[in-house]
Every structure is written in C-alpha cells, then in structure tokens.
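The working numbering applies: residue 41 is where the sequence shown begins, and numbers increase by one.
Heads up, the thing below is written out as structure tokens.
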Amino acid sequence: MVILIPLNIMKNTKNSMHQRLILAIMLTILFTAACSQIRIAYFFVDWYIVDRIDDYLDISDDQEKFLDDKVDLLHAWHRKEELPKIVTFLKSLKIKLAKGLSEEDIPWFQSEYKAIQSRAIDKISDDFVVFLGTVTPQQIDHLAQAVKKKNEEHYERNFKISEKLWREKRIQRTLENLEDFFGTLTKEQNKLITSSIEYKREDYLRQFEQRQQVQKKIEAVLRSQESPEKIKNVFLSWILDPDEIKSDMYKKFSKQRTAKWVKFWLTVEDTITAKQRNVALEKIQDYIETIESMANGKS
41 MVILIPLNIM KNTKNSMHQR LILAIMLTIL FTAACSQIRI AYFFVDWYIV
91 DRIDDYLDIS DDQEKFLDDK VDLLHAWHRK EELPKIVTFL KSLKIKLAKG
141 LSEEDIPWFQ SEYKAIQSRA IDKISDDFVV FLGTVTPQQI DHLAQAVKKK
191 NEEHYERNFK ISEKLWREKR IQRTLENLED FFGTLTKEQN KLITSSIEYK
241 REDYLRQFEQ RQQVQKKIEA VLRSQESPEK IKNVFLSWIL DPDEIKSDMY
291 KKFSKQRTAK WVKFWLTVED TITAKQRNVA LEKIQDYIET IESMANGKS
C-alpha cells in the first residue's frame, strides 16, 4: 500500500515556528520520485509487500497464499476508496499552499494524515490477527536474524566510513532531493542551505540505537504467549502513538532534533524563489493527475 505525503514550499513571510515545522514534515516525502516511478511502484506494491514479509519471516506456501489474497484485496480497496481521498487531500493542500500556509492548517494536515493512516490500519488489522496466529517460533528466530543482518549492513554503510564522508553524502542527497522538487538551485542557494545543515553522525547513531531498542520490543511481543488479538492491540497502539515505545531520553533528543530541522527549513524557505515555488506546485499537480489516473484504473 502506498501512502503519499506531499511536499511544498511556503511564502517567504514571517510565519510561526509551527508553520516551518509542517514544511519540514512535507519535505520528507516520496514525491521526489517521478510520476512514472510512483505509478510503477503502486502497481507492483502487492508483490513487494509479500516479498518483504517473506524476507523477514521465511513464510510457508500456505502463508504466502493467504498474504497474496489479502494484499490483493487491500490493494483493490486502496485503489478504489483511498486514492480518490488522497487526490482530494492533495487538491486542498495545493490551494492552501498557493495562498500560504496558516497556523490553522497544521491541525488540518495532521488530522488528514492520521485519517489516511488509521483507515489503512483498520482495514488490515483483522487479517493481521489471523496471520499472527500462523507465525511459528522458528519464523520469529528467522526474523531476529534477518533484522540483525540488516542492522549490521546499515552500521557498515554509515559508521565504518569517516564522519566527513558520511556528512558529505547526506548533504549531497539533501541537495539532490531539493532540486528534484524545486528545480535547479543556484550556487548561492547551495551554499546557504549547506551551511544551515546540522548533520551529526552522533545524532544518527542515537536514531539507530533507538530503532534497535524498538526492534527488540517487537520481537519480545511476538515471542510472548499472548493471544494474536492482544498482540495486534499492542502493535496498533505503537503505530498510532509511536512515542509510546520511545525512551524518555530519545523523546528529549527528538525535540532538539526537530528544532534543528526547523532552523534548516527556515533557510530553505528564505532562499527559494517564486519560480522554484511554482515548479513545486506544478509537480504536485502532476501527482494529482497521476493518482487520479490510477484511481480510475488507468495504468
């Protein structure tokens, strides 16, 4: 299932810090991909979901058949019911962004995003319970080993290279993503944006360590003797309220990190030109038309 969250820029005005934050949220999205990539990804998502589950759990033929059937139904439901709602959401967002976001738009955005997430979770939760009832201890062992391997590969890529090289790669990726959406940045924009980036590998390490802690909690729940229904409720509470499984120290760190990103996006906002803003708005329109086409059954 693909959930799309739009990205855009705001007018160069003295908006509230909350307005800057919503800009940062929007700029962390899938929409740096071309419309053709979005279309291809959406129509192959059924296969991808089952394949990823198999990677982690080494599912049986019966489990694969069950998942294939349920994911096909989920995908059909999402295409018919959710894509039109996402189109409506994007159209409303485009109007708001064209006028300039106000502080009143923030709870609207949050509630719309939560609604998209909640509807999908509600749709799959019963099938999730049934599937959990078929997962064996051996498959949980396989999951633990797969996660360990992924973590080791992640650590190798990010913490076995120099911090200077790590930072350069992340800055380059950030600039490329901005250009994908806003169009070519000037040398001066590149300089100003780069100088405002506060990438620290120590911060990234904290994220990595927190993720590992969450993974251990998930494994522990799966190994518990609780009923699938109770396990489902635990997972649902975590999905709908991620802070529930974060340590107090990490919550404090997250607030500090958010403040850094607000500062960064203030710089981005101040450097983007009207022409670049229009490029972004036109791209959102392209996404709207692409998703409308998919919702109408056109490949």
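Where a beta carbon is used, it is the ideal one built from N, C-alpha and C, also for glycine.
All of these numbers come straight from a predicted model, not from anything done at the bench.
Query - DSSP three-state assignment for LEU107, whether helix, strand or coil - result: Taking the first residue of the sequence shown as 1, we reach residue 107 at position 67. Helix at LEU107.
Query raised in the report: Count the other CB atoms within 10 Å of the CB of GLU122; is the residue buried (16 or more) or exposed (fewer)?
Result: Here residue 122 corresponds to residue number 82 of the sequence shown, with the count starting at 1. With 16 or more other Cβ atoms within 10 Å, it is buried.
Requested in this report: State buried or exposed for MET334, treating a residue as buried only when at least 16 other CB atoms are found within 10 Å of its CB.
Outcome: Within the sequence shown, residue 334 is the residue found at index 294, counting from 1. Classification of MET334: buried, given that the 10 Å Cβ count is 16 or more.
Requested in this report: Counting only runs of 4+ residues fully inside the segment 131-194, write out the alpha helix (DSSP H) ranges in chain order.
Outcome: Counting whole runs of 4 or more residues, the segment 131-194 contains the alpha helix (DSSP H) stretches 145-172.
**Report entry** Endpoints, the alpha helix (DSSP H) within which PHE275 is located
**Finding:** Position 235 of the sequence shown, counted from the start, is the residue given in the question as residue 275. That run of the alpha helix (DSSP H) goes 268-280.
Query raised in the report: Going by beta carbon distance, what residues of the same chain come within less than 6 Å of ARG246, once the five residues before and after it are set aside?
Result: Here residue 246 corresponds to residue number 206 of the sequence shown, with the count starting at 1. Closer than 6 Å at the Cβ level, and outside the excluded window around ARG246, lie PHE293.
Requested in this report: Could you pull out every unbroken alpha helix (DSSP H) segment of at least 4 residues lying fully inside the segment 290-337, listed in chain order?
Outcome: 314-335
Query raised in the report: Short check: CB of GLU332 to CB of VAL127, under 7 Å?
Result: Residue mapping note: residue 332 aligns to position 292 of the sequence shown, counting from 1. Residue mapping note: residue 127 aligns to position 87 of the sequence shown, counting from 1. One thing to note: GLU332 has its Cβ within 7 Å of the Cβ of VAL127.
Requested in this report: Return the CA-CA distance between ILE164 and LYS105, expressed in angstroms with no decimal places.
Outcome: As a first step, residue 164 is located in the sequence shown; it is residue number 124 there, counting from the start. As a first step, residue 105 is located in the sequence shown; it is residue number 65 there, counting from the start. Distance between the alpha carbons of ILE164 and LYS105 is about 16 Å.
Report task. Output the distance between the C-alpha atoms of VAL42 and TYR82, rounded to the nearest integer angstrom. Result -> Translated into the one-based positions of the sequence shown, residue 42 becomes position 2. Translated into the one-based positions of the sequence shown, residue 82 becomes position 42. Residue confidence for VAL42 is low, a pLDDT of 33 falling below 50, so the modelled location carries little weight; the figure read from the coordinates is stated next. One C-alpha to the other measures close to 6 Å.
Query raised in the report: Around the C-beta of ARG197, are 16 or more other C-beta atoms found within 10 angstroms, so that it is buried, or is it exposed?
Result: Position 157 of the sequence shown, counting from 1, holds the residue named residue 197. Classification for ARG197: exposed.
Query raised in the report: Under the rule that 16 or more other beta-carbon atoms within 10 Å means buried, what is GLU309, buried or exposed?
Result: The residue labelled residue 309 in the question sits at position 269 within the sequence shown. When all chains shown are included, GLU309 counts as buried.
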